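Chemist:
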Amino acid sequence: MFSFQNLDVYVRSKAVNHLVHKLCQGIPDIYMTSQLRRATLSITLNIAEGAGRLTSRDKRHYYVISRGSAFESVSIIELLFEQNQIEEQDFLELYEEYEDISKMLYRLIESYSFSKKKY
Numbered sequence: 007m008f009s010f011q012n013l014d015v016y017v018r019s020k021a022v023n024h025l026v027h028k029l030c031q032g033i034p035d036i037y038m039t040s041q042l043r044r045a046t047l048s049i050t051l052n053i054a055e056g057a058g059r060l061t062s063r064d065k066r067h068y069y070v071i072s073r074g075s076a077f078e079s080v081s082i083i084e085l086l087f088e089q090n091q092i093e094e095q096d097f098l099e100l101y102e103e104y105e106d107i108s109k110m111l112y113r114l115i116e117s118y119s120f121s122k123k124k125y
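Take the sequence shown: its letter number 79 is residue 85 in our numbering, and every next letter is one higher.
#1: Rounding to the nearest angstrom, what Cα-Cα distance links Y101 and T61 in this structure?
#2: Please list, in chain order, all residues of the same chain as I71 whose beta carbon is under 6 Å from its beta carbon, the five residues on each side excluded.
#3: May I have the straight-line CA-CA distance separating A45 from N90, to the nearest angstrom?
#4: Quick check on Y37 - is its C-beta less than 8 Å from some C-beta in chain B?
#5: Please tell me whether T6 and S81 are closer than 8 Å, where the distance is taken between their beta carbons.
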């Protein structure tokens, strides 16, 4: 087993990928669904890639990118909801998932941050 497979944030991001895949099947806007799928997949892939890096700085870099992809995903689902392409229930469920993932990534990022000197 690879180390990233034990991370709760990785498991959660994979679950969101499944939700997004199902949801996108019913949305006619191919551009938006393609971008949402890529952004959501980027969360998962960057977590895995970050876990494989050897230095704290490199790990942190990939987790920051992953968190950025979560933000991008939220922006897309917000637009889809405002354009009446997804139901409110789907929007709220995904929004909550992305918010939780973002918080988990933030804690992971902080764990690899350099501590500041205290004087």
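The beta carbon of each residue, even a glycine, is placed where N, CA and C say it ideally should be. Here the structure is a predicted model, which is why all the values come from computation and not from measurement.
Modeler: On the basis of the data shown:
#1: To locate residue 101, count along the sequence shown from 1; it is residue 95. To locate residue 61, count along the sequence shown from 1; it is residue 55. The straight-line gap from Cα to Cα measures roughly 32 Å.
#2: Here residue 71 refers to the residue found at position 65 when the sequence shown is read from its first residue. Closer than 6 Å at Cβ, skipping near neighbours: N52.
#3: Here residue 45 refers to the residue found at position 39 of the sequence shown. Here residue 90 refers to the residue found at position 84 of the sequence shown. So the alpha carbons of these two residues sit roughly 20 Å apart.
#4: Included in the structure is just one protein chain, with no chain B present.
#5: A query on residue 6 cannot be resolved here, the shown segment of the chain reaching from 7 to 125 and no further.
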